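One structure is given below, encoded as structure tokens.
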Amino acid sequence: MKIVTRRTCIVSDGIMSFTLAAAQELGVPQVQLWTAKNVDASYLTNGYLETTLDGIPGMKDVHLRDLPSFLSTTNPDDFMIKFVQLQETERARKASAIVINTFETLEMYPIGPLHLLVKHVDDENLKGLGWSLWKEEPMCLQWLDNKEPNSVVYVNFGSTTVMTPNQLIEFAWGLSNSQQKFLWIIGSNIVSSYESILPPEFVEETKNRGMLASWCSQEVLSHSAIGGFLTHGGWNSTLESITSGVPMLCRAAFREQMHKLLV
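All residue numbers for the sequence shown refer to our numbering, where the first residue is 298 and numbers rise by one.
Spelled out as structure tokens, the structure:
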């Protein structure tokens, strides 16, 4: 007997609103998943962006709206303004529902951080499948198992941040000079080949207290050996760090990451 499956709903990213047309054609609901926090949307109208900052040395009367953002522009015809505000935001009004990736202490009516649902899903039949788009190195968790509680700094700037070779080397010597144990994830998005960029002296100096890897599993952040997280401040990284109880040191790269350092 042939089993026929019927599409009953389309769930898509909040900036992939073209799926609305497909849902309308199929006659099914379309649900948008906005991966950033819900409170961001209220900043446009609640006056919060007019808040004056007094903690920046040498700069007076700086407002939150003055901070760098990839949407900062004085051109009303800017492509990103038209794409995000006029196209994607307007189409969001037509969605059947909107799901926000958040949790109770940050928002009023949440369903919770999505990554925590993994702990409550029976994945016995899914162990052979992976949801990461990057190849994870299992040695990371094994390396952490041999470290004392709260003794390791976890360094990961996400999957979209890019660094120059000089920036990478500067971070390397910063980690070396800190004398801290560290697990440093350097994806191929950051530099094409960190092995050829990092100084041999750095590798030799830190070989007994540091580990370098191209990617690792999300379980690393909740490992008992992790005592701090040096991060780019991406929203998923922020959620995971808060819910794991790990303090963050943030080095923002772009977009809304600048604002999350202060919020």
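Even glycine gets a Cβ: it sits at the ideal position worked out from N, Cα and C.
Model, not experiment: these values are computed from the prediction.
query                                                                                                      : result
F468, buried or exposed, once every other Cβ within 10 Å from all chains shown has been counted against 16 : buried
Reduced DSSP category for V517 - H, G, I as helix; E, B as strand; rest coil                               : helix
Boundaries of the alpha helix (DSSP H) in which F499 is found, first to last residue                       : P497 to T503
Boundaries (first-last residue) of the beta strand (DSSP E) holding F479                                   : K478 to I482
Residue from Q384, I539, G525 and H520 with nearest C-alpha to Q477                                        : G525
7 angstroms CB neighbourhood of F380 in its chain, flanking five on each side removed                      : none
Rounded C-alpha distance that separates W428 from N463                                                     : Unreliable positioning characterises W428 in this predicted model, as indicated by a pLDDT of 48, which lies under 50. The coordinate reading is nonetheless provided below. Spanning the two alpha carbons is a distance of roughly 33 angstroms.
Own chain residues within Cβ distance below 7 angstroms of G484, not counting five before or after         : W431, S456, S511 and W512
Span of the beta strand (DSSP E) around S309                                                               : I307 to D310
Simplified DSSP assignment, three categories, for A522                                                     : coil
Three-state secondary structure assigned by DSSP to M436                                                   : helix
Same chain only: Cβ atoms within 6 angstroms of R303, ignoring 5 sequence neighbours per side              : none
For L330 and Y451, the rounded distance between their alpha carbons                                        : 28 angstroms
Meets three-Cβ-pair contact criterion under 8 angstroms: the region 497-507 and the region 527-542         : no
Under the three-state DSSP convention, the category W331 falls into                                        : strand
Proximity to E387 [Cα-Cα], best of Q321, N453, L317 and N443                                               : L317
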